[in-house]
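In the working numbering, the protein residues as written are 41 to 500. Contents: one structure, followed by commentary.
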Ligand code: ZN
Ligand code: MG
């Protein structure tokens, strides 16, 4: 008998006898033992199921052991447990998951969080996008609000440090909403509206209106976003000299300086404007296109183009799904965080990556964690999502539990990946002097994933 076969024999024997320690010890020598079968195609899981050893079954499952294999009689481990009357094991196996690992996931979904970039102060009124008479009237209305962008950077005014409720109740606030979006009126933007290098998007109407009908019409205050290619600074200066307005760099961390209300509007406006600036021509045939439906569609101008028949994802603003996940250690007390070179010194955050075509969220989570850290992931649980307008991502926040713990960081993407204890995360969250790393900013969903896992709230 080869040494490998002998090891397998000892392993199967330990599983049959219910010797958890021996099962664990032998698995640590060789990870591939778990799903190997011996005589008559029986695996360790089947033998544990045959003899009613639920602790062995749990250990095997928590290491990612397959439940679907069959022996030479065509029975799965669950069939074996059922046949021999070990119903608790049959139930455990039939659930198809790793119940003990699932228990490590934070219980209960969060209340839908009012996260940065997610607040909606506008009703998008998509039914008005194709109503060109209504839109023209609103473009001329003195009530309407215009947000101006220059090359995707929003026009803002520095405030006198006035807070807008941002950072409230968060022990780890970053930034203080010292920057306000400029709300321009129709006369100020007329010259820009006539310029062919200006992109216009209808954003919606103000939600929180207790406005009575005004003489100008239906009482709905419309909001628009404009993006200019040419620098409009001179024009603005002429219109309102010395106003202290400037274009806020539309990237990290500049965009995190807005109030939650303004951030929500920018998330919508900047994503759609960014799409226009990058998709000027028809992706199907390369011809010119024209913007329609209040800036929510681009239509090819070449008669007979394939994009004109049926519904195509080339004609509408794109959204790119990204999974971002907090990986929990199988001991339930540590989590995996990584560092990119571009992060500020000391900062670690959740791993993340784009969902690929034809991929479910769970598969994307498992693939990205494996690629970036070499860690194998079992159960995955969705928590919440966040728009991230740089340029147009949807961050899908998940918790998941690791099946393996050895880290091999993919150095092209990640400078370093490490397990951190719950205490270390709490220290970072409250910015304790013992903190060994710094948290991602409170505006990022990674912050929420970490905070939710620790169960930390301001009242603790
Ligand atoms: Zn075309
Ligand atoms: Mg990646």
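In this text, a Cβ means the ideal position worked out from N, Cα and C, and glycines have one as well.
Pairwise C-alpha distance: residue j and residue i
i, j, result
"residue 87", "residue 111", "11 Å"
"residue 61", "residue 71", "15 Å"
"residue 122", "residue 129", "8 Å"
"residue 268", "residue 232", "7 Å"
"residue 181", "residue 467", "52 Å"
"residue 67", "residue 133", "20 Å"
"residue 307", "residue 171", "24 Å"
"residue 316", "residue 334", "12 Å"
"residue 177", "residue 245", "13 Å"
"residue 108", "residue 464", "38 Å"
"residue 261", "residue 166", "15 Å"
"residue 266", "residue 302", "15 Å"
Near ligand 2: residue i beta-carbon under 7 Å from a heavy atom
i, result
"residue 453", "yes"
"residue 104", "no"
"residue 408", "yes"
"residue 78", "no"
"residue 393", "yes"
Residue i - DSSP class collapsed to helix/strand/coil
i, result
"residue 46", "helix"
"residue 485", "helix"
"residue 359", "coil"
"residue 172", "helix"
"residue 206", "In this predicted model, residue 206 has a pLDDT of only 37, less than 50, meaning its place in the structure is not dependable; the value taken from the coordinates is given anyway. Residue 206 falls in the coil class under three-state DSSP."
"residue 55", "helix"
"residue 351", "coil"
"residue 234", "helix"
"residue 391", "strand"
"residue 260", "coil"
"residue 365", "strand"
"residue 371", "coil"
"residue 160", "coil"
"residue 329", "strand"
beta-carbon residue i near ligand 1 non-hydrogen atom, thresh 7 Å
i, result
"residue 413", "no"
"residue 355", "no"
"residue 338", "no"
"residue 342", "yes"
Cutoff 8 Å; reference residue i; Cβ partners in own chain excluding five residues on either side
i, result
"residue 434", "359, 360, 361, 362, 425, 426, 427, 428"
Chain-order list of residues whose beta-carbon lies under 7 Å from that of residue i (same chain, five-residue window excluded)
i, result
"residue 414", "446, 447, 448"
"residue 355", "337, 338, 339, 347"
"residue 219", "196, 198, 199, 288, 297, 298"
Spatial neighbours of residue i in its chain, beta-carbon cut-off 6 Å, leaving aside the 5 residues before and after
i, result
"residue 168", "174"
"residue 420", "402, 405, 438, 440"
"residue 93", "58"
At what residue ranges does the region 395-481 contain a whole run of the beta strand (DSSP E), taking only runs of 3 or more? 417-428, 433-442, 456-461
What are the uninterrupted segments assigned as alpha helix (DSSP H) that are 4 or more residues long and contained completely in the region 72-145, given in chain order? 84-90, 94-102, 117-123, 127-134, 139-142
What are the complete beta strand (DSSP E) segments, minimum 3 residues, inside the region 285-311? 285-287
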